[in-house]
Each structure stands twice: as structure tokens, then as C-alpha cells.
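Note that the protein sequences, when read in sequence, are chains A and B.
So the first sequence is numbered by my numbering: it starts at 1 and just counts up by one.
So the second sequence is numbered by my numbering: it starts at 1 and just counts up by one.
Think of the CB as a built atom: it goes at the ideal place given N, C-alpha and C, for glycine as much as any other residue.
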Amino acid sequence: MMDFGFSLSPSSAVDLDKVDLSLYRRLEQTSPDIRHCIACGSCSATCMAAEYSGMSVRKLILNLQRGADVRKMLSCCMLCGKCTMVCPRGINTRKLILDVCRYYPERP
Amino acid sequence: MIYQGKQKIWSDYQKDIPDDHWFYVRSCIRQNFFPASETHFVKIVRDLLGKDLYETEHHTTCGGIAYHSDTIPQETAMTIVARQFSLMKEAGYKNLVTSCITSFGNYCEILETWREFPELETRIREHLWKACRREFDKPEYVCHASDVIFKLRGEIAEKAKFRLVDRATGEPLRVVEHIGCHYSKMFPHKGVGGAEYPCVLSGMVESWGGQVIDYPERRHCCGFGFRQYLVKANRGYSISNTHKKFESMEPYRPDLIITNCPGCPYFLDRWQYVIAEQTGKTYGKDGHGIPALTYEELAGLVLGYDPWDLGLQIHQVGPELLLDKMGVPYDPARKYLGLNEKDIMKPGLPTVLKCC
Numbered sequence: 001m002m003d004f005g006f007s008l009s010p011s012s013a014v015d016l017d018k019v020d021l022s023l024y025r026r027l028e029q030t031s032p033d034i035r036h037c038i039a040c041g042s043c044s045a046t047c048m049a050a051e052y053s054g055m056s057v058r059k060l061i062l063n064l065q066r067g068a069d070v071r072k073m074l075s076c077c078m079l080c081g082k083c084t085m086v087c088p089r090g091i092n093t094r095k096l097i098l099d100v101c102r103y104y105p106e107r108p
Numbered sequence: 001m002i003y004q005g006k007q008k009i010w011s012d013y014q015k016d017i018p019d020d021h022w023f024y025v026r027s028c029i030r031q032n033f034f035p036a037s038e039t040h041f042v043k044i045v046r047d048l049l050g051k052d053l054y055e056t057e058h059h060t061t062c063g064g065i066a067y068h069s070d071t072i073p074q075e076t077a078m079t080i081v082a083r084q085f086s087l088m089k090e091a092g093y094k095n096l097v098t099s100c101i102t103s104f105g106n107y108c109e110i111l112e113t114w115r116e117f118p119e120l121e122t123r124i125r126e127h128l129w130k131a132c133r134r135e136f137d138k139p140e141y142v143c144h145a146s147d148v149i150f151k152l153r154g155e156i157a158e159k160a161k162f163r164l165v166d167r168a169t170g171e172p173l174r175v176v177e178h179i180g181c182h183y184s185k186m187f188p189h190k191g192v193g194g195a196e197y198p199c200v201l202s203g204m205v206e207s208w209g210g211q212v213i214d215y216p217e218r219r220h221c222c223g224f225g226f227r228q229y230l231v232k233a234n235r236g237y238s239i240s241n242t243h244k245k246f247e248s249m250e251p252y253r254p255d256l257i258i259t260n261c262p263g264c265p266y267f268l269d270r271w272q273y274v275i276a277e278q279t280g281k282t283y284g285k286d287g288h289g290i291p292a293l294t295y296e297e298l299a300g301l302v303l304g305y306d307p308w309d310l311g312l313q314i315h316q317v318g319p320e321l322l323l324d325k326m327g328v329p330y331d332p333a334r335k336y337l338g339l340n341e342k343d344i345m346k347p348g349l350p351t352v353l354k355c356c
């Protein structure tokens, strides 16, 4: 391969026809309120772990909808439940996180 | 004529393009990238179709490339542009036609700025007078050269010797059209079809028998983006942009790409070589690339000009497969003969991308 001194950056485009959405579909069954998320970010704003670890429930839901791996993010959650308290749509985010942990083949 | 409903909505997206009497200003970079394109624009419009197109040797760069590269302030670009307007006034023309999309955007941006801030226009008039004792009038119409070819597309179709049709199958050629960002993304009402439905190139393609193909990243930037390319450390952004477009258009198997900007055909053409060397992937048939042509080159092909006189040998992606499809005759022995049969030398061949 020729070295030009620069290279291609990986694309951030998500092809929804190709990603695996089975985990999200399963979550829709057990935690149907995931569909109510309006991505307002209240959960991320109140998260105690966010500032130091990059944890964000908003980003977690977005990544689930895109079929991305969220295990690293899940490992940062302390399950304090503040996100559940502030959610304007009444989503039980704590249960959602526990469900995601349960569905992953290995513990995050 | 009274327009109603959808017709009325569509009429709002149209642009007034003068029929004749144009003052033509060339591009500073196109003459190096694809030198025969502008020459053939003049040949087609002035010599073949008999229109009044005037150009002067005293014209210079519009300053747009330096302005967009952050090397000169806008006031300097404005004074350069004011001088071009003074040349136009001197020649007695009121319709400005620019060869370059960035020039077009630059002229439009400057005229809009002067409309919003008349005191700035007054200051630029003073600058111009102090610098070279010149005065100027603002143009009545500012068009891009592709607007002119769009306007004349019917006349070109009448004189066409070849059509954008596969000779072997009779099927229309599948054409990707790529419009420069500075054409109608800056001032949507200045472009044919606005920013939402720009049809300046698709109109030409359909008139000449081709089929325009739509694909997800159709309106994405070609990747030039000035600083994204000019600063070497940023070139990864530039090529990634282009790569994204090619990945998006690949499933639709385009036969060619037509563009109306100086940078777009250059980068859509040259980056195919770099992508092939870096990833081993090519986007055309059997290891070839997809030819990326300017609208003048395509008009020239349709009208039967010699492909080598049109400068198609300057492209990285070889045009031979396209010429064979269209049935355009060419002499391979003359490929690397320039003006007056002068040998312009055969370039080295890439290791991955097939070029002929």
C-alpha cells in the first residue's frame, strides 16, 4: 500500500439495513417505554458517572437503535437511578440498563 | 402565463438566465486542471452557436480561492472583483458569466454583502479608484457557465452527433451529476432548482439522452473543501468525503460523473487513484474507475469534438470505456499528443487502477 502521508478516516455513517438490531427489538418487548425517548438528554445531564466516564443514557439508547456495542458504557453505570427520576417521559432507565445487562451474553 | 399549484412552486425555483451578450471570466485553477474545458465552452457558445460571448486578457483571479483558504480578507477579494466589474463596464456588457463555481459564489456573496452594507460598497469603490483609477457598475445578471449550457442544452441536443446512450444495448447511460457546493448551497435562489432540487446538470444529461441516477450521498461535498485539502494534515478528511460518495454511488453502477465545479471533477477523478492505491478498491467496471467529466467536456463529446482535443487524456480515469459505449471514435496513438501534435509524454500507470 502506498503511503501518501494521509489516509481514509472510518466513516461514521450507519447503514440501518446492515446493522444487527436484535437487542433493541428484544428490549422493545421487555421495556417498551424505550420508544418514548425524545433524546432530550436530561438523563445524561444528571448522571453522576457522565463527567468522568462518558456514560450517557441518551447515547446508550441511540447506540442501541444503531446496533452499536454499548458494553463499555454500561460498565460505567452505578445504577443510582437519578436518570429515572428526571426523565420527562417517565422511562424507567434503571430497569432498561439492567435489561440490557441481562441480554448481553457476558456480563459488562 | 399564469402558473398555478406545483407549476407555480417550481417557477419559484427557476433562475433568469440571459439569452445572449455575456462577459466571460475564466477560472484560475480550471485552466490548470482541465485546460480544454473553458476553450471548448467558448468554441461551443461563440463559434458553434453564434452567441455574443466576450472575454478579456486583462481579467485576473477573483480572489475566491485565497479568500476561502483564509489567506486574504474579504475586502481584498471585493476590490479584485470590483476591478473585474470595471473591465465588464469598459467592454459594455451587463451579464457576467463565471467559469468557476467558487467565483460564482464569491461574486454572489460580494453583491449580497454590498446590498446589505452599502457603505462597504462605497469604500470598495474608493479602494479601486485609489489602486487603479477605475470605476465599475454592478452586473445585472450573474450566471455560471453551466447555467449558459443549461440554457443552450436544447440547441446542443439538436446539433448532437452522439447521445448519452449505450450503443450496444440502446440503454441510456447512467450518469451521476455532482453540483459544486458554492453553486446553490450558499444562495439557493441563484441556482437553477435552488438548493433543494438543483437541476442544472441533470437537465443537460436528460436533454442529451442520459439517465440521472439518484443515490444517498448525491448532495455531499466532493471532498475538496479548500482547507481540507490545502493543509496536508487535513487531507484525510478530503479523501474520506470522496470515499463516502463513491461507496454510496457504487451500487448504482454509474457510467460517468458530470460536474460543474473546478475542484469536484479533479478530486472525484484523482482520489479514485489514491483510494485504489490505499484500499485496492476501484469503482468502475473490471478494475477501471468512473470517468468524472466537466459539463463542457460532456457537451463537447456529444457535439462530436475529438476526445483528445477536449483534454480527456488529462484525466486520471481513462475515458476509453465511456467513448466505446457512446460510440465516439478516437485514435489511441494521438492520446498523448497535445496542441500542434506536440508530445505531452505518457504518464506512469497506477498499480491498481486500470487506466486504458
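Three-state secondary structure assigned by DSSP to residue i
i: F23 (chain B); result: strand
i: H243 (chain B); result: helix
i: H288 (chain B); result: strand
i: L128 (chain B); result: helix
i: Y229 (chain B); result: helix
i: G165 (chain B); result: The sequence as given places Val at residue 165 (chain B); Gly does not occur at that position. Here V165 (chain B) sits in strand by DSSP.
i: K354 (chain B); result: strand
i: D99 (chain A); result: helix
i: L337 (chain B); result: strand
i: D309 (chain B); result: coil
i: D343 (chain B); result: strand
i: D69 (chain A); result: coil
i: E196 (chain B); result: coil
i: F267 (chain B); result: helix
i: P188 (chain B); result: helix
i: V57 (chain A); result: helix
i: E135 (chain B); result: coil
i: H220 (chain B); result: coil
Under 8 Å between C-beta atoms of residue i and residue j
i: T282 (chain B); j: V175 (chain B); result: no
i: R163 (chain B); j: G209 (chain B); result: yes
i: H36 (chain A); j: I97 (chain A); result: no
i: D20 (chain A); j: G67 (chain A); result: yes
i: Y215 (chain B); j: S248 (chain B); result: yes
i: C108 (chain B); j: F187 (chain B); result: yes
i: L49 (chain B); j: Y24 (chain B); result: no
i: T98 (chain B); j: I65 (chain B); result: no
i: P350 (chain B); j: E277 (chain B); result: yes
i: P414 (chain B); j: L310 (chain B); result: Not covered by the structure: residue 414 (chain B). The range shown for chain B is 1 to 356.
i: E34 (chain A); j: L23 (chain A); result: The amino acid at residue 34 (chain A) is misidentified as Glu; the sequence shows Ile. No, these two residues do not count as a Cβ contact at 8 Å.
Residues that residue i bridges to, as DSSP identifies them
i: R174 (chain B); result: B:Q211
i: Y141 (chain B); result: B:N95
i: I314 (chain B); result: Answer by DSSP bridge pairing: none, since I314 (chain B) is not bridged.
i: L256 (chain B); result: B:V175
i: Y54 (chain B); result: B:F23
i: K293 (chain B); result: Per the sequence shown, residue 293 (chain B) should be read as Leu rather than Lys. L293 (chain B) pairs with B:I258.
With 16 other Cβ atoms within 10 Å as the buried cut-off, status of residue i
i: C40 (chain A); result: exposed
i: P347 (chain B); result: exposed
i: P198 (chain B); result: buried
i: D269 (chain B); result: buried
i: R71 (chain A); result: exposed
i: K245 (chain B); result: buried
i: Q316 (chain B); result: buried
i: F136 (chain B); result: buried
i: S69 (chain B); result: exposed
i: L64 (chain A); result: buried
i: D286 (chain B); result: exposed
i: S184 (chain B); result: buried
i: V231 (chain B); result: exposed
i: G191 (chain B); result: buried
i: H189 (chain B); result: exposed
i: P139 (chain B); result: buried
i: L60 (chain A); result: buried
i: L293 (chain B); result: buried
i: C83 (chain A); result: buried
i: Y359 (chain B); result: Nothing about residue 359 (chain B) can be reported from this structure: the residues present for chain B run from 1 to 356 only.
i: Q313 (chain B); result: buried
i: P73 (chain B); result: exposed
i: S42 (chain A); result: buried
Cβ contact (3+ pairs, closer than 8 Å) linking the region 112 to 124 of chain B and the region 162 to 176 of chain B: no
Contact between the region 202 to 209 of chain B and the region 141 to 160 of chain B (3+ Cβ pairs under 8 Å): The answer is yes - the region 141 to 160 of chain B touches the region 202 to 209 of chain B, with three or more Cβ pairs under 8 Å.
Segment contact, 8 Å Cβ cut-off, at least three pairs: the region 34 to 53 of chain B with the region 74 to 91 of chain B: no
Give a yes or no on contact between the region 222 to 236 of chain B and the region 254 to 270 of chain B, applying the rule of three or more CB pairs nearer than 8 Å. yes
Please determine if the region 74 to 83 of chain A and the region 42 to 59 of chain A are in contact, where contact requires at least 3 C-beta pairs separated by less than 8 Å. yes
Taking 8 Å as the cut-off, does the region 302 to 310 of chain B touch the region 320 to 331 of chain B (at least 3 CB pairs, one atom from each stretch)? yes
With three or more beta-carbon pairs closer than 8 Å as the criterion, would you say the region 270 to 278 of chain B touches the region 154 to 161 of chain B? no
Would you check if there are 3 or more beta carbon pairs closer than 8 Å linking the region 25 to 33 of chain B to the region 56 to 75 of chain B? yes
Taking one C-beta from the region 99 to 114 of chain B and one from the region 11 to 20 of chain B each time, how about it: are there three or more such pairs within less than 8 Å? no
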